Amino acid sequence: MIRYISLKLVAFSLLLVVSSCEDAVVSDNYGTITGIIESKVNGMPLEGALISTNPASRSIKTDADGRFTLDELEAGDYVVTASKHEYANGSSAVNVRKDKVTDIVIQLEDGDLAANTVKFSSPMPSPNQEDVGVPITFSWAYTGVSDSSDISFELEVRTPESVEPVIFVEDLVDTFYVAQNLSYSKNHTWTVIAKKNDEKIGQSDFWNFRTVSSASLPFMFVEPDDAHIYLSAGKDGTKHRMTQETILNNFPRANPVTDEVIFSASYNSKNHIYLTYGEDRVTDVISPLPVDGNHHSGEGFCWSPTGDQVLFCHYDKLYRINKDGSGLFTVSTAPAGRNYVFVDWSGIAGKIVVQTRGVNIYDSEIYLMNPDGSGMTRIVDNANGRTEYPTFSIDGKLVVYTHDNANVNDPYGRMYDSRIYTYNISSTAVTDISGNGKPDGTNDIQPRISPDGSKIIFVNTSNTGTGQKDIYVMDVNGGNRELYFENAEMPEWR
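FYI, the numbering for the sequence shown is -24 to -1, 1 to 470, going by mature numbering (1 follows the signal peptide of the UniProt record, and there is no 0).
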């Protein structure tokens, strides 16, 4: 009887063991970091240096050859820090990948250079801060010296993927630095070194932060003060500058399929189309010909519905080009004496809408055509006052555009009562959607439709032509008009 019960207990215990093994979930998403710790002065390996990581894993010490191994680390970004008595700490940012071994070298400063007279505090971005906007203002405070004369700083910023620092600035006399060109959606590590008379007197910790993802910033616009393109999450969100090296940037247009953006910028004194893409915001010029024409300021271009081609206006020609700059093709030639100045392309409607302009700035007509340039049909006749900015509604049933309701042909292009209208392609009905919401003495211009088709973003400005431009959002029927961005123009949705 006792033997029978024992056998049952053994069987039950084995069942528990088997069940436990079956229930356990073991991650295999591991990698390894190996490395060597050396003296920066003579390159000799350092035995007994303490190795730690952030995020924390475990702490070990280097062997007689200065080497260490950290295995079974979850894949991801780490900062490896080495410390040893009478040496300054050293760190390295590392990206651990599944089933891969990443080898690093960390050099520690010793002797007089390891002095830590200066202590750092109040770092911004703060440690482990998420969604840090670009550009970034790095700042810090320090204590430990009574005489701050002749003190300078070095700032170093790295990413786990970078061999060299993505930012290295020396001889800073201020306790802040503005960095313009950091990538979006990336982990970064930064540190500050204090020097006095070129001798190191302190180094900060290695602080981590992550830049904001551009995907979380659906609004784009241009600020006239510096003519750069900015991204923003909304009217109460922080703005983030997108363009860095290009100048006089205009009319950003979001790719309907990818995160790419095209815009025009000055190149050899003419407006050419630039493509920017990826979280690193790599920027290339793609148009061999400028976006130009009668009374033109670089606004006539758009994406194809499939996001792989671009249409653009060049005097009396409408061109199509691949987004890599190849395959330039003439789609259409404007009527005699006229230039193409605006264009949009609807995949749902299977149509292109264009605006042509004559010699005078107020001499405008709007046409529909097929994607191959055939079947060109005028839908908005040349009328007194400026007509501009044609764009399709999301469903392709409407063409949204602006017209100066004052019907004044001003030779200098001034508009007195520009309003946003819709043209129904099926019924030919025209509707004023600016309505009574537009303040007297102002113009509504530059309309763009939201990705869900429910809103219009546009610019309102004084009809003097010299007033501040502000960006508003309203319903597609003209209701709920709301200020979003002050001193901004050329809005776009992403």
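For glycine and all other residues, C-beta sits at the position ideal for the given N, C-alpha and C.
Note that the structure is a prediction, hence the values are computed from the model and not measured.
For residue i, which option in the options has the closest C-alpha, if you only look at C-alpha atoms?
i	options	result
L22	N65, P415, S180	N65
E465	N419, D451, S430	N419
P99	F185, V319, I80, D126	F185
V237	S245, N5, Y253, I9	Y253
F318	G326, S340, F129	S340
K176	D126, Y153, I337	D126
G178	G120, N163, G19, L224	G120
I370	G455, I425, G276	I425
D292	K246, Q83, Y54, G313	G313
V267	N226, F461, P136, L193	N226
S402	D408, G417, K373	K373
Y399	T45, D357, V168, Y153	D357
L265	I324, S245, G283, S159	S245
N463	G454, Q444, V452	Q444
Any idea if residue i is buried or exposed, counting beta-carbon neighbours within 10 angstroms, 16 or more meaning buried?
i	result
S308	buried
V77	exposed
H272	buried
P101	buried
L459	exposed
T404	exposed
G310	Position check: residue 310 holds Ala in this sequence, whereas Gly was assumed. Label assigned to A310: buried.
V(-8)	Because the pLDDT at V(-8) is just 40, under 50, the model does not fix this residue reliably, and the value given afterwards should be weighed accordingly. By the neighbour-count rule (16 or more Cβ atoms within 10 Å), V(-8) is not buried but exposed.
V81	exposed
L251	buried
N456	exposed
S(-5)	Caution is warranted here: a pLDDT of 41 is assigned to S(-5), below 50, making its placement in the model unreliable, and the coordinate value is therefore given only provisionally. Label assigned to S(-5): exposed.
With DSSP as the reference, label residue i as helix, strand or coil.
i	result
A203	coil
G411	helix
S59	strand
A170	strand
S438	strand
V2	Confidence is the limiting factor: at V2 the pLDDT is only 45, short of 50, which leaves the residue's position unreliable and the question unanswerable from this model.
A25	coil
A32	coil
A90	Residue confidence is low: A90 scores 46 on pLDDT, short of 50, so the model does not pin down where it sits. Its coordinate-derived value is still stated next. DSSP places A90 in helix when its eight states are reduced to three.
A117	strand
G190	Note on residue identity: the sequence assigns Ser, not Gly, to residue 190. Reduced to three states, the DSSP call for S190 is helix.
D268	strand
Q156	coil
T214	coil
C(-4)	Note on C(-4): pLDDT 42, under 50, position unreliable in the model; no value is reported.
N419	strand
Could you tell me which residues DSSP puts in a beta bridge with residue i?
i	result
V237	A230, T252
S308	L294
Q179	I169
Q83	E14
Y448	F434, L459
T219	Bridge partners of T219: none, in fact.
V406	Y399
Going by beta-carbon coordinates alone, are residue i and residue j separated by less than 8 Å?
i	j	result
E85	K16	yes
R333	N270	yes
P415	F197	no
Y397	V406	yes
R217	V142	no
I355	V375	yes
D320	F368	yes
Y63	F96	no
A58	A25	yes
L131	V70	no
T219	I205	yes
At a Cβ threshold of 8 Å, is residue i touching chain D?
i	result
L193	Here there is only one protein chain, and chain D is not present.
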